[in-house]
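What follows is a short report on a single structure.
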Amino acid sequence: MRIPVRFELNGHAVEVEVAPDRTLLDLLRDTMGETGTKEGCREGECGACTVVVDGRAVNSCLFPAPEIDGTRVLTIEGLSCDHGRLSRVQQAFLDASGTQCGFCTPGMVMTAVAFLAENPAPMDTEIREALTGNLCRCTGYVQIVEAIQLAARRSRDPQA
Amino acid sequence: MTRSRHVGTERPRPDAADKLAGKAHYIHDIAVQGMLYGRIRFSDHAHARIARIDTSLAESVPGVRAVITGQTTPEIRFGLLRDNVALKKDRVRQFRDEVAAVAATSPEAAARAVELIEVEYEPLPAVFTPDEALAEGAALVHETDHAGRSRSSNLLPLSCRHLTGDIAAATAASRYIVEGTYTVPRIQQACMGTSGCLAEFSPEGNLTITAKTQIPFLAQRDFNRALEALGLTNRNSRVIVPAIGGAFGTGLDTHAYEFIAILLAWKTGRPVKIVYDRREEFSCLSPRQEARIRVCQGCDDRGRLTFRDVEVIQDNGAYTSWGATYPNVMLVTATSLYRVPAVRFDSRIVYTNNTYCQAMRGYGNPEVTWAIESNLDELAAAAGMDPIAMRLLNANEPGDLSPMGLKFDSCALRECLDAVATSLRTSSSPPAGQTRVRGTGMAGLINVGGGGKIYRSDGSGIILKLDDYGNVNVAYGGVEMGQGLHSALTIMVADALGVRPERVFINQTDTATCPWDVGTHASRGAFMAGNAAVLAATKLRERLFALAERVYADEVERNIARIGQSERIEAFDFRAARAADFDLRDGYLAPRQAPDEAWYRIELGRLLRAAHFAERDPAIFTEEAFYEPPTQLPDWERGYGNMSASYGFGAQGVEVEVDTETGEVRILRLVAVSDIGRVLNPATLKGQMYGGIAQGVGYALFEEVQTERGRILNPGFTDYKVASAADLDFPIELRFVETNDPHGPFGAKGAGELALAPTAPAIANAIYNAVGVRVRDLPITPEKVLRALSETSRR
Ligand code: FES
Ligand code: FES
Numbered sequence: 001m002r003i004p005v006r007f008e009l010n011g012h013a014v015e016v017e018v019a020p021d022r023t024l025l026d027l028l029r030d031t032m033g034e035t036g037t038k039e040g041c042r043e044g045e046c047g048a049c050t051v052v053v054d055g056r057a058v059n060s061c062l063f064p065a066p067e068i069d070g071t072r073v074l075t076i077e078g079l080s081c082d083h084g085r086l087s088r089v090q091q092a093f094l095d096a097s098g099t100q101c102g103f104c105t106p107g108m109v110m111t112a113v114a115f116l117a118e119n120p121a122p123m124d125t126e127i128r129e130a131l132t133g134n135l136c137r138c139t140g141y142v143q144i145v146e147a148i149q150l151a152a153r154r155s156r157d158p159q160a
Numbered sequence: 161m162t163r164s165r166h167v168g169t170e171r172p173r174p175d176a177a178d179k180l181a182g183k184a185h186y187i188h189d190i191a192v193q194g195m196l197y198g199r200i201r202f203s204d205h206a207h208a209r210i211a212r213i214d215t216s217l218a219e220s221v222p223g224v225r226a227v228i229t230g231q232t233t234p235e236i237r238f239g240l241l242r243d244n245v246a247l248k249k250d251r252v253r254q255f256r257d258e259v260a261a262v263a264a265t266s267p268e269a270a271a272r273a274v275e276l277i278e279v280e281y282e283p284l285p286a287v288f289t290p291d292e293a294l295a296e297g298a299a300l301v302h303e304t305d306h307a308g309r310s311r312s313s314n315l316l317p318l319s320c321r322h323l324t325g326d327i328a329a330a331t332a333a334s335r336y337i338v339e340g341t342y343t344v345p346r347i348q349q350a351c352m353g354t355s356g357c358l359a360e361f362s363p364e365g366n367l368t369i370t371a372k373t374q375i376p377f378l379a380q381r382d383f384n385r386a387l388e389a390l391g392l393t394n395r396n397s398r399v400i401v402p403a404i405g406g407a408f409g410t411g412l413d414t415h416a417y418e419f420i421a422i423l424l425a426w427k428t429g430r431p432v433k434i435v436y437d438r439r440e441e442f443s444c445l446s447p448r449q450e451a452r453i454r455v456c457q458g459c460d461d462r463g464r465l466t467f468r469d470v471e472v473i474q475d476n477g478a479y480t481s482w483g484a485t486y487p488n489v490m491l492v493t494a495t496s497l498y499r500v501p502a503v504r505f506d507s508r509i510v511y512t513n514n515t516y517c518q519a520m521r522g523y524g525n526p527e528v529t530w531a532i533e534s535n536l537d538e539l540a541a542a543a544g545m546d547p548i549a550m551r552l553l554n555a556n557e558p559g560d561l562s563p564m565g566l567k568f569d570s571c572a573l574r575e576c577l578d579a580v581a582t583s584l585r586t587s588s589s590p591p592a593g594q595t596r597v598r599g600t601g602m603a604g605l606i607n608v609g610g611g612g613k614i615y616r617s618d619g620s621g622i623i624l625k626l627d628d629y630g631n632v633n634v635a636y637g638g639v640e641m642g643q644g645l646h647s648a649l650t651i652m653v654a655d656a657l658g659v660r661p662e663r664v665f666i667n668q669t670d671t672a673t674c675p676w677d678v679g680t681h682a683s684r685g686a687f688m689a690g691n692a693a694v695l696a697a698t699k700l701r702e703r704l705f706a707l708a709e710r711v712y713a714d715e716v717e718r719n720i721a722r723i724g725q726s727e728r729i730e731a732f733d734f735r736a737a738r739a740a741d742f743d744l745r746d747g748y749l750a751p752r753q754a755p756d757e758a759w760y761r762i763e764l765g766r767l768l769r770a771a772h773f774a775e776r777d778p779a780i781f782t783e784e785a786f787y788e789p790p791t792q793l794p795d796w797e798r799g800y801g802n803m804s805a806s807y808g809f810g811a812q813g814v815e816v817e818v819d820t821e822t823g824e825v826r827i828l829r830l831v832a833v834s835d836i837g838r839v840l841n842p843a844t845l846k847g848q849m850y851g852g853i854a855q856g857v858g859y860a861l862f863e864e865v866q867t868e869r870g871r872i873l874n875p876g877f878t879d880y881k882v883a884s885a886a887d888l889d890f891p892i893e894l895r896f897v898e899t900n901d902p903h904g905p906f907g908a909k910g911a912g913e914l915a916l917a918p919t920a921p922a923i924a925n926a927i928y929n930a931v932g933v934r935v936r937d938l939p940i941t942p943e944k945v946l947r948a949l950s951e952t953s954r955r
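Note that the protein sequences, when read in sequence, are chains S and R. Position 96 of the first sequence, counted from 1, bears residue number 96 in this note's numbering, the numbering being contiguous throughout. If you want this note's numbering, it's the 1-based position in the second sequence plus 160.
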């Protein structure tokens, strides 16, 4: 059995059929071929698969694909601006050296995007709290926290 | 010639934008036409005879293209001692042994089919600790070696030992002596990107394999041997390295899953990809070794070290990877951290029916530093000395030749220790409750910083190819796995050659296009790549300047025709310019004496086009170089030889708060001061340090692969804790004492591994300082702290 779903992916309307046992992560990576979203565990433990659904950061590996119907989904592919330029949060990660191997990075960035929308002037500790679901084995998180602070500062003052 | 315009400056890494845009292609993201999905059936026993395998049900699953076993395919032997085979034929020796595999058109079909393979086992007696394995009459994990010769013990035939001076005499002459046994657990590298590969054959039988490896060229050798086992003689393997989601040592060996992908691709004639899921990664990929290290050190009445005696026993698991050579690297610290006049080192590595182990970042050094630096603190306590003063008293100095024959051409250990001590002295606020006690501790370190010769060549090749537009394409065989190699290499090529970093492009690592490199390990990437780049760039500059002698005058005339000559500097006769007059800077050729005058400058691309399209002797510009560091392959029986061209040093200090009611240890702050020569890129270097410290904290406090009779009990992030951002919510102060190493490119030494070596002992020492108990068994869990506290109070 396959279930038809309609949703908005990175600003574009999508209509596909999904099997009921598939996840949003499968839908994005396998059906849509959008491989920017990563799979690190499939158990909701690592956050590599984080995408933003209706403004909320979710683990797409736990999100049943049929439930995506009628939502707006933002993934790492949807962040870049015209001509593929990096968005503010991505650019801050670049400037603050917030990525190493990069595997956790799309998930980190999406968590940061949803978090900063809620909390545009966060404390470091709040950022660390928000990131607890996103594991990174490379960076020790320091430069990720700095990147998110930089993005926050730039949203208040673009010259920062 | 090594002027630096970009070295030492903070620049975004060249690989970051793709990663941030979700455009980096990891093995998980790669798919090719007609690709099949491979999946492996692993053993259900730690040690058993395989009585029967029935694959008929699996074969009938729709979408399945092949089901293979050790009985139905040629044997592919691999491993450091060639004691492992891709598919086990008659016996399994660990829970994760590969007994069969499936290739199917979808991952789901492959997963279903693998479950339907029926395997009957006859269990055999098994051994799970080195002590059990070495006991009289213990079951043999391997009854024969790779060549079929019978074996009589579970001890591996690898020895690594050292003796300098007379330990007995030094013991007798010591005023204080402390002995202790320190243990380290198996831990998982836990790369966020799991393991995998994609194998594909050409109709001629040549293999292309996209592999998550740190050793593309040694892997090529292993894969070529596999082709021979398949009867494909005179064929080649091409190894391509995709974006790597962390490696930390997991790529230092070839793996059974890679050979199984090769077998499935060969059998089906289709590309086959195998990617581990997280559960497989935890339970079927080799972790870091478990080890027990006995250390005895002595000092005289002033605190000067008199001797050090170190004995290592390492649980190898069932097969042998390069990780079994950890003792080779432990030797560095055992013989050479601090000045010690008499040293004995011995190591034994033992087969058991546990999961076999492999390399992880630091390669023996975190283990041995844990033992020695914990013991040194105990010695200081016994001698009634300040542990910092004792370390300073015994610190290595530049120019030292250590008992192992290591030469320290640059060494700022003393400055690092001093800086950490100063930072720790600054007082912090009093603890929050009555049950919480604070303390500080520190530990020092030495780490290879100029390669680490444990193979007959420790070299690295590089090719710099200039195109008609002044771009530099770099073919380098080392691997970017997140550590920032491409960032360091880009700025070193730019500076060594004299171009802008934006003009430097680094090729994907591919054995078909890149020159040989032994592998990216031992913190050697940037050191080797930089030295090779400097050699190749020097040759290129010489050729470019010789060319300029011929074409420069015409090009300047053209400049003058365009820009005019009103401000011409007559002092320089451009018509008579010789090769020695030129410099290349920021992508412009100009005379050294007038580098900034527009009409004297020729853009590199223009110069190259002039050479390319010249009527006489047209030329294009590509140079290669092979750098082999001035090191020795040590004699392991004697434990002697200068295995690295330079050595990194450092120290870490921590302040902890111990809750005496719960045993919980909270880190309040950490300071790390390092001598890694010149800093190449501060941003990526700091990233290496922070990340290494995070792993060091995990090693110290909570990481452990738990096993029960060989079975891994915590194969997921739910039960295997990797530090989260909230777990590391304490300030980390990083400082670098910049020495200028004579062997390093631009004075730099390797930096990738040293951050995690001293973290665990620094924490243990701080706990001792706080509450007076010594935990000698990693990880230092609250239960162990509580137990130690109650034992002390009972005494
Ligand atoms: S892949 Fe979804 S949380 Fe790990
Ligand atoms: S950058 Fe490698 S896991 Fe985060």
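Positions of the beta carbon are idealized from the N, C-alpha and C atoms, including for glycine. Quick caveat: nothing in here was measured; it's all calculated off a predicted structure.
Here the C-alpha atom of residue 559 of chain R lies approximately 10 Å from the C-alpha atom of residue 566 of chain R.
Residue pairing by DSSP places residue 283 of chain R opposite R/208 in a beta bridge. Interface criterion met: the Cβ of residue 131 of chain S is under 9 Å from a Cβ in chain R. For the region 609-662 of chain R, the continuous beta strand (DSSP E) assignments of 3+ residues that do not extend past its boundaries occur at 620-626, 632-636, in sequence order. Identification of chain S residues near residue 457 of chain R by a Cβ-Cβ cut-off of 8 Å yields none; the smallest Cβ-Cβ distance measures about 31 Å. Taken through DSSP and simplified to helix, strand or coil, residue 355 of chain R comes out as coil. Flagged as an interface residue toward chain S: residue 844 of chain R, by a C-beta distance shorter than 9 Å. The region 515-524 of chain R and the region 326-336 of chain R do not touch, with fewer than 3 CB-CB distances between them shorter than 8 Å. In this structure, the beta-carbon distance from residue 262 of chain R to residue 307 of chain R does not fall below 9 Å.
Spatial neighbours of residue 447 of chain R in its own chain (CB-CB distance under 8 Å, excluding positions within 5 residues in sequence) are listed in chain order as 346, 347, 348, 349, 515, 517, 518, 520, 865. For residue 347 of chain R, there is no enclosing alpha helix (DSSP H), as DSSP marks it with neither H nor E. Per DSSP, reduced to three states, the secondary structure at residue 569 of chain R is coil, with no helix or strand assignment. Around residue 547 of chain R, no beta-carbon contact reaches into chain S at under 8 Å, the shortest distance being about 26 Å. Taking a 10 Å sphere around the C-beta of residue 238 of chain R, we find 16 or more other C-beta atoms and assign the residue as buried. One finds 352, 877, 882, 884 in chain R with Cβ atoms closer than 7 Å to the Cβ of residue 135 of chain S, taken in chain order. Annotation for residue 327 of chain R: the continuous alpha helix (DSSP H) segment containing it runs 327-332. Under the Cβ distance rule, residue 125 of chain S counts among the residues neighbouring chain R, one pair being separated by less than 9 Å. Contacts with chain S (Cβ-Cβ distance below 8 Å) from the region 184-214 of chain R involve 184, 185, 186, 188, 189, listed in chain order. Against chain S, the beta carbon of residue 173 of chain R has neighbours under 9 Å at 94, 97, 99, 100, listed in chain order.
Residue 700 of chain R places its beta carbon less than 9 Å from that of residue 626 of chain R. Interface with chain S (9 Å Cβ-Cβ cutoff): residue 518 of chain R is excluded.
Excluding residues up to 5 positions away in sequence, 269 lie with their Cβ nearer than 7 Å to the Cβ of residue 222 of chain R in the same chain. Within the region 353-388 of chain R, the runs of beta strand (DSSP E) at least 3 residues long that lie entirely inside it are, in chain order, 356-361, 367-371.
According to the DSSP assignment, residue 821 of chain R belongs to no beta strand (DSSP E), since it is labelled neither H nor E. With the rule of 3 Cβ pairs closer than 8 Å, the region 934-952 of chain R counts as touching the region 823-837 of chain R. Straight-line spacing of the CA atoms in residue 28 of chain S and residue 118 of chain S works out to 25 Å. The C-beta separation of residue 187 of chain R from residue 372 of chain R comes to about 5 Å, placing the pair in contact by the 8 Å criterion. Listed along the chain, the chain S residues whose CB falls inside 9 Å of the CB of residue 438 of chain R are 39, 40, 41, 42, 43, 45, 46.
Nearest neighbour of residue 498 of chain R by Cα position, chosen from R/573, R/439, R/591, turns out to be R/573. Here residue 192 of chain R is exposed, its C-beta having fewer than 16 other C-beta atoms within 10 Å.
Close to residue 652 of chain R, with beta-carbon spacing below 8 Å, lies no residue of chain S; the smallest spacing is near 18 Å. The CB of residue 643 of chain R comes closer than 9 Å to the CB of 100, 101, 138 in chain S, given here in chain order. Close to chain S, meaning a Cβ-Cβ distance shorter than 7 Å, are the following residues of the region 409-442 of chain R: 437, 438. Rounded to the nearest angstrom, the gap between the Cα atoms of residue 908 of chain R and residue 620 of chain R is 16 Å.
Its Cα nearest to that of residue 171 of chain R, the residue R/844 stands out among R/856, R/936, R/844.
Note on the region 812-857 of chain R: whole beta strand (DSSP E) runs with a minimum of 3 residues are 825-835, in chain order.
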